[in-house]
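If you're matching positions, the sequence shown starts at 528 in the numbering used here and goes up one per residue.
Each residue gets a CB set at the ideal place from its N, CA and C atoms; glycine is no exception.
Keep in mind it's a predicted model, so treat the numbers as computed, not measured.
Single-structure report; data block below.
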Amino acid sequence: MTDTTSSEKPLAGQKLKREPKPQEYYDAIKARFAEERDLRLSYRPEGTSQFTTELDGKLKVYATDPYAEAEITRDPITDYVEVLFIGGGFSALLTSARLRQAGVESIRIVERGADVGGTWYWNRYPGVACDVVAYDYLPLLDETGYVPTRHYAGGQEIWDYCKMIADKYSLYDLAVFQTTVTSTIWNAEEKVWEVGTDRGDRMKAKFVVCANGTLTMPKLAKIAGMEAFQGHSFHTSRWDFEYTGSDLENLGDKVVGIIGTGATAVQAVPNLAKAAKELYVFQRTPSSIDVRDDWETDPEWAKTLKPGWQARRRERAMKMGSLTAIRVDADGKEISAEEKVRLQENANIDYMMRIHKRIDEIVEDKATADALKPWYMFMCKRPCFHNDYLPSFNRPNVHLIDTHGKGITEIGPDGPVFEGTTYKLDLLIYATGFEVQKTGTWNQILGEAGQDLQDKYAEGIRTLFGIHTHGFPNMFVMGGYQAPFNFNLTDMLQIQGDHIAACIAHVRDNGLDTIDCSAQAEEDWVQEVIKHRGKTNRNAECTPGYYNFEGEFNRRQDGNYNGGMPAYLEFLKASEQDFAKFDLS
Ligand code: NDP
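Shown next, in the form of structure tokens:
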């Protein structure tokens, strides 16, 4: 989950340096940010509905799994398991590890892909890697004894690691793949969930964990004529290696286009640039690209790691998290809330101007360099880190087609059309991202008295800790809203997974049937979430993107908990020490 207000990378220092620039300098840049945002919004005022995830009919190919070796056939399943995970990515894997430690034997993963891994199963595009340091991102390193091979792990290594976890905790035994959960219905008489799937299954489970990920569904921009394109095309999360070759070796005589310049494109473009005869990059809004400080893990360093090293690293990071905000001025005096916001914004602008400077230093053609400059606050969009993306634009075969906020609105049989020019392509790659899942769930969920979760959330999301929701006993949501945003998502997921395992252990150890939060506990948490949101207008002032739902209005409760990770962790720990205190019973 994402939010613009909670991470302030440029502000890592506690003490302020005296500002060398006048406030007018910053105000002028802020005004330019606002202009660019308004321009972008004027082209696509329809917000998130400019995209579609309904990939059927002619668009079905963009969602079809190209990686599964063969479609499985099996009879529908009607058995009972203790814990069922909807989704087989890191949420399920790291929570399962804790459940095994608590003695839970009967665990089933139900997964749409043909293996575990979630994001790392689907995203195999050339250059795929994680932007979070691997020693933090890969969970359970203390438990598995694994040490990542690089500072930033590549996608293949991360996916292999997911499989290693599944093996270690015997999660393949009951897992079902190529299966999509379609309904989750509470059976009040038997006190079990009945889970229906697209394969006609009707599985029963005592506990259900919605572990279906936050950016799961590939989305396409609704572009007139896209079905008419006569060349080859695919979405980045469904990479067609048969067409491109496993090392893109088939692209040497191909003219390739890529729509989108987000985190995925930033990693894929350098490889496409080297492999394709010609590459056209269709840009609407540039990403901010900073240095990627990567290296191979030093085996000597790895040898020095003592048991429990990752847990200690996480603890240290958690403590540091609370020190990132500016609280005092250069003389150590407390500053007002308004002053704090002003200074934070100025520091943010300084950072973005450093990003601009880096572009000027790397990109040779001035017009291209200017077009690659992002005009918005840091963290309005997902920041990117890459050393080869910007230099790609110095290659003679790479062409930036900057649509300056407008985006591609038309595709003809030969390729994308912009300002009267048709870009004739052999291959068109959609790097247009994923739908942000607002509620933490995709399938139809009916709780006590047949209440539909979507109806319950019609006036806003209602949870305790983003995990429990009253009237849906023994159900847990991972990675959804009303929980904090953390750039290292697995850290957040581990905290939630630990809590879910503690809740399940509590039910088992006390011979209970169910665990649910009270309506009051839920209301208290909704108010706690609201209290911490909307301290600044930063989110609304940002250029549109998936972080702010393309500029759409968003209820205060429909977002992350911005009280900080340490506070969130304290809430969870307190609830586990005294379940009754949080009406979790
Ligand atoms: P994004 O949603 O970040 O990017 C989609 C891109 O498509 C944007 O550049 C968007 O432009 C562009 N776009 C949409 N419609 C049009 C149009 N009509 N014409 C031209 N361009 C258009 O998706 P990504 O797949 O890049 O990334 C999704 C997320 O996945 C990341 O933010 C990150 O959280 C995760 N990820 C992480 C990685 C990592 O750890 N390194 C790697 C890859 C992904 P605009 O900006 O104007 O909306």
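Output the boundary residues of the beta strand (DSSP E) element that contains residue 928.
925-929
Is it the case that the CB of residue 792 approaches a heavy atom of the ligand NDP more closely than 8 Å?
yes
Report the rounded CA-to-CA distance for residue 977 versus residue 648, giving the unit in angstroms.
34 Å
Cβ neighbours of residue 635 in the same chain (closer than 8 Å, five flanking residues each side left out)
608, 610, 611, 612, 701, 702, 703, 730 and 732
For residue 872, count neighbouring Cβ atoms within 10 angstroms of its own Cβ and tell me buried if that reaches 16, exposed if not.
buried
Can the beta-carbon of residue 741 be found less than 9 Å from the beta-carbon of residue 637?
no
So what does DSSP say about residue 734, is it helix, strand or coil?
strand
What residue range is occupied by the uninterrupted alpha helix (DSSP H) comprising residue 647?
646-649
Roughly how many angstroms separate the alpha carbons of residue 1003 and residue 1019, rounded to a whole number?
14 Å
For residue 1098, which three-state DSSP category applies?
helix
Going straight from the alpha carbon of residue 1037 to that of residue 672, what length do you get?
33 Å
If you reduce the DSSP assignment to three classes, tell me which class residue 643 lands in.
coil
Taking only three categories from DSSP, how would you classify residue 1005?
coil
Spatial distance of residue 865 from residue 605 (CA atoms)
59 Å
What are the boundary residues of the beta strand (DSSP E) that includes residue 957?
954-957
Could you pull out every residue in the same chain whose Cβ sits closer than 6 Å to the Cβ of residue 805, ignoring the five residues on either side in sequence?
782 and 924
In this structure, how does DSSP classify residue 851 when only helix, strand and coil are distinguished?
At residue 851 the pLDDT is 49, less than 50, meaning the model places this residue with poor confidence and gives no usable figure here.
9 Å Cβ cutoff met for residue 909 and residue 816
no
Compare the beta carbon distance of residue 762 and residue 575 with 9 Å and say whether it is the shorter of the two.
no
Could you say if the region 648-659 and the region 676-691 meet the contact criterion of at least three C-beta pairs nearer than 8 Å?
yes
Three CB pairs or more closer than 8 Å across the region 985-992 and the region 795-810
no
At a threshold of 8 Å, does residue 961 count as lining the ligand NDP (C-beta to nearest heavy atom)?
yes
Closest residue to residue 504 among 1023, 577 and 660 (Cα-Cα distance):
Summary: the structure shown does not reach residue 504, with the chain confined to residues 528 through 1112, and so no result is reported for it.
Would you say residue 618 and residue 584 are within 9 Å of each other, going by their C-beta atoms?
no
Opposite residue 556 in the DSSP bridges: which residues?
In DSSP, residue 556 forms no bridge with anything.
What number of angstroms, rounded off, separates the C-alpha of residue 726 from the C-alpha of residue 623?
24 Å
Quick check: the Cα distance between residue 517 and residue 810, rounded to an integer number of angstroms?
As shown, the chain starts at 528 and ends at 1112. That puts residue 517 outside it, with no answer to give.
Is it buried or exposed, residue 753, if we count other Cβ atoms within 10 angstroms and call 16 or more buried?
buried
Going by alpha carbons, who is nearest to residue 973 out of 570, 692 and 714?
714
Where the alpha helix (DSSP H) containing residue 1024 begins and where it ends:
1016-1036
Beta-carbon separation of residue 1017 and residue 666 under 9 Å?
yes
So who's on the other strand from residue 817, going by DSSP bridges?
912
Does the pairing of the region 930-947 with the region 831-845 give three or more beta-carbon distances under 8 Å?
no
Please state whether DSSP places residue 822 in a helix, a strand or coil.
coil
Would residue 674 pass as an interface residue toward chain D - the criterion being a Cβ-Cβ separation below 9 Å?
Although the question refers to chain D, the structure presented lacks it and comprises just one protein chain.
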